[in-house]
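Visitor: Quick one: structure below, then a few questions.
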Amino acid sequence: MLVPTSQIRNTSVGRPDQEQFEHEVNLHGFGCRIFMFFFYISNIVAVDGKSQTFGRVLNPIKLGLKQEKLSHFRVYWHDIVSGPNPTSIRVAGAPSTNKSKTGFGAIVMIDDPLTEGPELSSKLMGRAQGFYASAGVNEVAALMNMNFAFMVGKYNGSTISIMGRNKVLTEVREMSIVGGSGLFRFARGYVEARAKKLDYKTGDATVEYNIYVFHY
Ligand SMILES: *[C@@H]1O[C@H](CO)[C@@H](O)[C@H](O)[C@H]1NC(C)=O
Ligand SMILES: *[C@@H]1O[C@H](CO)[C@@H](O)[C@H](O)[C@H]1NC(C)=O
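In the numbering used here, the protein residues as written are 22 to 237.
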C-alpha cells in the first residue's frame with residue numbers, strides 16, 4: 022500500500038497522544054478528589070456514629086414495588102366560582118392584573134370536586150387541591166399546580182401531583198404528572214384536560230381529565 026508520508030507523520034506525531042495522556046492524568050486527579058471527598062464525608066459519619074446508614078441501596082421488592090403498571094382514570098373537575106360555597110377563589114393578583122387582557126398575575130386557590138360523571142351530582146371520586154396562576158402575558162395560559170386526592174375504594178388517601186401548562190382556550194391541554202403518594206408512589210405520566218361545560222355568566226366550569234399514569 023502506498024501511504025502518503027504526510028499521513029504517516031500525522032499518526033506518529035506525539036501531540037494527540039500526549040494530550041490524551043494529560044486528559045487521563047486530569048481525570049485521575051479528579052477521581053482522587055472525589056475519593057478524598059467521600060473519605061472525608063465517611064469520617065464525619067463515623068464520628069457522628071448514629072447516621073452510618075444515611076444512604077443505602079434498597080431492593081424495590083422490599084418497598085412492595087413489584088411491577089410498574091400503566092393506569093388510566095377519568096374524572097370530571099368542577100371549578101365552582103359562584104354561589105355561597107365556591108371551591109375556587111382568587112387569592113392574589115398584581116395591581117396590573119385587572120387591566121391585563123389575560124389576567125396575568127392572578128392566583129386562584131382551588132379545592133375542586135372530582136366526580137365520576139360530568140354532572141356535579143355524580144359520585145365524588147376525590148378533590149383537586151392546589152392553585153392555578155395566570156402565567157401568560159399575551160395569551161391565556163395557566164400554571165396548574167394541584168394534587169388529585171382520591172377518596173374512593175383502594176385509592177382513598179392516595180394522591181397524584183399535577184404540574185403543567187394549561188393553555189385554557191385550546192381543546193386538549195396536556196399537563197405532567199410529577200409524582201404521587203400511596204398507590205401512586207413513584208408516579209409519572211400526563212393528564213389531558215378537555216372543557217365540558219363553561220357557564221360564561223357565573224364562571225363555573227367543568228373539565229374532563231383523562232389521567233395516564235405509570236405507578237406500582
Ligand atoms: C381586581 O378584581 C378583583 C375581582 O375580580 C377584585 O377583587 C380586586 O380587588 C381587584 N383588584 C384591584 C387592584 O383592583
Ligand atoms: C377514606 O378514608 C378516610 C380517612 O381514612 C375515611 O374517613 C373515609 O371514610 C374513607 N372513605 C371511603 C369511601 O372509604
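Backbone N, C-alpha and C define an ideal beta-carbon position, used for all residues, glycine too.
Hey, would you say the C-beta of Gly147 is under 7 Å away from at least one heavy atom of ligand 2?
Guide: Locating residue 147 in the sequence shown gives position 126, where the first residue counts as 1. No, Cβ of Gly147 sits at least 7 Å from all heavy atoms of ligand 2.
Visitor: Buried or exposed, going by whether 16 or more other CB atoms sit within 10 Å of the CB of Val189?
Guide: By 1-based counting over the sequence shown, the position of residue 189 is 168. Burial call: buried.
Visitor: In the structure shown, what three-state DSSP assignment does Thr118 receive?
Guide: Within the sequence shown, numbered from 1, the residue matching residue 118 stands at position 97. Looking at Thr118 - three-state DSSP - the assignment turns out to be helix.
Visitor: From the DSSP secondary-structure annotation, give me the bridge partner or partners of Val234.
Guide: Stepping through the sequence shown from its first residue, residue 234 is reached at position 213. DSSP lists Ser92 and Gly210 as partners of Val234.
Visitor: For a test of your reading of the model: does the CB of Asn177 fall under 7 Å from any non-hydrogen atom of ligand 2? Yes or no.
Guide: Mapped onto the sequence shown, residue 177 falls at position 156. Correct: Asn177 has its Cβ closer than 7 Å to ligand 2.
Visitor: At a threshold of 7 Å, does His173 count as lining ligand 2 (C-beta to nearest heavy atom)?
Guide: The residue labelled residue 173 in the question sits at position 152 within the sequence shown. According to the sequence displayed, residue 173 carries Val and not His. Yes, the beta carbon of Val173 sits closer than 7 Å to at least one heavy atom of ligand 2.
Visitor: Decide if the region 200-213 is in contact with the region 71-80; the criterion is three or more beta carbon pairs, one per stretch, under 8 Å apart.
Guide: No, because fewer than three Cβ pairs between the region 200-213 and the region 71-80 fall closer than 8 Å, the two stretches do not touch.
Visitor: Taking only three categories from DSSP, how would you classify Pro139?
Guide: As a working mapping, residue 139 is identified with position 118 in the sequence shown. Coil.
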